[in-house]
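Undergrad: Quick note: the sequence shown, position 112, residue 112 per the UniProt record's numbering, numbers continuous. In this text, a Cβ means the ideal position worked out from N, Cα and C, and glycines have one as well. The structure displayed is predicted, hence computed values, not measured ones.
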Amino acid sequence: MQDSAQGEAYGRGTLQSGADLRGAPRFALMLRSAKLIADGTEFLCIIRDVSETGVKLRLFHAAPRAELMMIETASGQHYPMQLVWEANGEAGFRFLQPIDVDAFVKESGPYPKRPLRLRVQHPATVRMNNQSHDATILDISRQGARIAISTKLAIGQKFWLEADELPLFEATVCWRRVPEYGLVFGQLMGLEELAQRAERMDRPERSLAAE
C-alpha cells in the first residue's frame, strides 16, 4: 500500500556509555519503529538500542516464543535473531551473525522507507450509501489499510470501515488492484494503539493453525 509520509519520528543514533555498554558498542535509537516477525506473524515494536551482535526492543505484548525470529526495518531489511531475555516490556535479542550497524541505523536498503504495515486477515464491513459489504483487511498501518472486497470501489471513494478491534474509520480509496484496494484513514492511529489492536486481530498464520 502506498501510504503517505512516514508517521514515526526517528531519533539519531548515539553511542551509549558507562553501565549501558555491554560487550559490543551499542547505539540508542529513539522512537525507531520496526516489525518483529515470529513464525510468519508480524508484531510492531520499538528499537531501543542496537550493536553488531544484538538489539533491545520495546514490546507492546509478551515476546513470541519462536526459536528463530526476524526484525524488519522500515526499508525492508531483515535480520534473523534469537530471544535472549525479556523483562518489563523490553526484550533482548542476539543476531545470528554480526550486522553492519551503520547500515542498520541509517536504514539503508534497496527499497525506500515507508510506514510499517502489519499483515492480518481480519473480517470487516464497508458501509456506504446505506448498504453494507463484507471485506477482509489484509494489512494495516497507522495511516491506512489494504482490503479485499468483491464490491467494486472507485479511487477517491469514501466510506466507513468497521471491524472488531478497530475504531470506526472514515476511509478513502487511494489505489486498486481488484479485488484489493488501498485505503487512507481519516484519522491517524498511535503507534501503541496500532500494535495492541493488530495483536488482537486475526492473522493468516493463526487461521491456518486453527484448522
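#1: What is the C-beta distance between Ala28 and Thr53, in whole angstroms, given that I count them as a contact (C-beta under 8 Å)?
#2: Measure from the alpha carbon of Leu57 to the alpha carbon of each residue in Gln157, Gly40, Val105 and Ala34, then state which is nearest.
#3: Rounding to the nearest angstrom, what Cα-Cα distance links Lys113 and Lys106 in this structure?
#4: Hey, could you find the ends of the alpha helix (DSSP H) Gln196 is sitting in?
#5: Looking at Ile140: is its Cβ nearer than 7 Å to the Cβ of Val120?
#6: Could you tell me the alpha carbon to alpha carbon distance between residue 228 and Glu170, rounded to whole angstroms?
#7: Reducing DSSP to helix, strand and coil, say where Phe104 ends up.
#8: Can you tell me whether Leu194 is buried or exposed, with buried defined as 16 or more other CB within 10 angstroms of its CB?
#9: Rounded to whole angstroms, how far is the Cβ of Ala63 from the Cβ of Leu83, which I believe are closer than 8 Å?
#10: Since Ile46 is in the beta strand (DSSP E), which residue starts that stretch and which ends it?
#11: Measure the CB-CB distance between residue 234 and Val50 and report whether it falls below 7 Å.
#12: Nearest-angstrom Cα distance between Glu86 and Leu59?
#13: Does the Cβ of Gln77 have 16 or more other Cβ atoms within 10 Å, making it buried, or fewer, making it exposed?
#14: Going by the beta-carbon positions, is the gap between Glu162 and Arg197 smaller than 7 Å?
#15: Which residue wins for smallest C-alpha separation from Asp134, given the options Pro115, Phe159 and Ile155?
#16: Out of curiosity, what's the CA-to-CA distance linking Ile137 and Gly190?
#17: Can you tell which of Asn129, Arg117 and Ile155 has its C-alpha closest to the C-alpha of Gln143?
#18: Would you tell me roughly how many angstroms separate the C-alpha atoms of Glu192 and Arg48, rounded to the nearest one?
#19: Rounded to whole angstroms, what is the Cα-Cα separation between Pro115 and Ala74?
#20: Does the beta-carbon of Ala210 have 16 or more other beta-carbons within 10 angstroms, so that it is buried, or is it exposed?
TA: According to the data block:
#1: The residue you call residue 28 lines up with position 28 of the sequence shown. The residue you call residue 53 lines up with position 53 of the sequence shown. By a beta-carbon distance limit of 8 Å, Ala28 does not contact Thr53. Their separation comes to about 16 Å.
#2: On the sequence shown, position 57 is the one that residue 57 refers to. Comparing Cα positions, the closest option is Ala34.
#3: Sequence index remark: in the sequence shown, residue 113 carries index 113 (1-based). Sequence index remark: in the sequence shown, residue 106 carries index 106 (1-based). Their backbone Cα atoms lie some 10 Å apart in a straight line.
#4: Mapped onto the sequence shown, residue 196 falls at position 196. Taken as a continuous stretch (DSSP letters only), the alpha helix (DSSP H) holding Gln196 covers Leu191 to Arg200.
#5: Numbered from 1 along the sequence shown, position 140 holds the residue referred to as residue 140. Numbered from 1 along the sequence shown, position 120 holds the residue referred to as residue 120. Yes. Within cutoff.
#6: Not covered by the structure: residue 228. The range shown for the chain is 1 to 211.
#7: Locating residue 104 in the sequence shown gives position 104, counting from the first residue. The answer is helix: DSSP assigns Phe104 an H, G or I state.
#8: Within the sequence shown, the letter at position 194 stands for residue 194. Burial call: buried.
#9: Here residue 63 is taken as the residue at index 63 of the sequence shown, counted from 1. Here residue 83 is taken as the residue at index 83 of the sequence shown, counted from 1. Confirmed, about 6 Å.
#10: Counting from 1 along the sequence shown, the entry for residue 46 is found at position 46. That run of the beta strand (DSSP E) goes Thr41 to Val50.
#11: Coverage of the chain is limited to positions 1 through 211, which leaves residue 234 absent and any answer about it impossible.
#12: Position 86 of the sequence shown, counted from the first residue, corresponds to residue 86. Position 59 of the sequence shown, counted from the first residue, corresponds to residue 59. Counting only the Cα atoms, Leu59 lies some 10 Å from Glu86.
#13: In the sequence shown, the residue the question calls residue 77 occupies position 77. When all chains shown are included, Gln77 counts as buried.
#14: As a position in the sequence shown, residue 162 is number 162, starting the count at 1. As a position in the sequence shown, residue 197 is number 197, starting the count at 1. Cβ atoms of Glu162 and Arg197: not closer than 7 Å.
#15: Residue numbering aside, residue 134 sits at position 134 when the sequence shown is read from its first letter. Here the closest residue by C-alpha is Phe159.
#16: Taking the first residue of the sequence shown as 1, we reach residue 137 at position 137. Taking the first residue of the sequence shown as 1, we reach residue 190 at position 190. Those two C-alpha atoms are separated by around 19 Å.
#17: Start at 1 with the first residue of the sequence shown, and residue 143 comes out as number 143. Considering only Asn129, Arg117 and Ile155, the residue with the shortest C-alpha distance to Gln143 is Arg117.
#18: In the sequence shown, counting from the first residue as 1, residue 192 sits at position 192. In the sequence shown, counting from the first residue as 1, residue 48 sits at position 48. Straight across, the Cα-Cα distance linking Glu192 with Arg48 is about 15 Å.
#19: Residue mapping note: residue 115 aligns to position 115 of the sequence shown, counting from 1. Residue mapping note: residue 74 aligns to position 74 of the sequence shown, counting from 1. Near 7 Å, if we compare the C-alpha coordinates of Ala74 and Pro115.
#20: Stepping through the sequence shown from its first residue, residue 210 is reached at position 210. For Ala210, the predicted model reports a pLDDT of 43, less than 50, meaning its position is unreliable; a value from the coordinates is still stated below. The residue is exposed, with fewer than 16 neighbouring Cβ atoms inside 10 Å.
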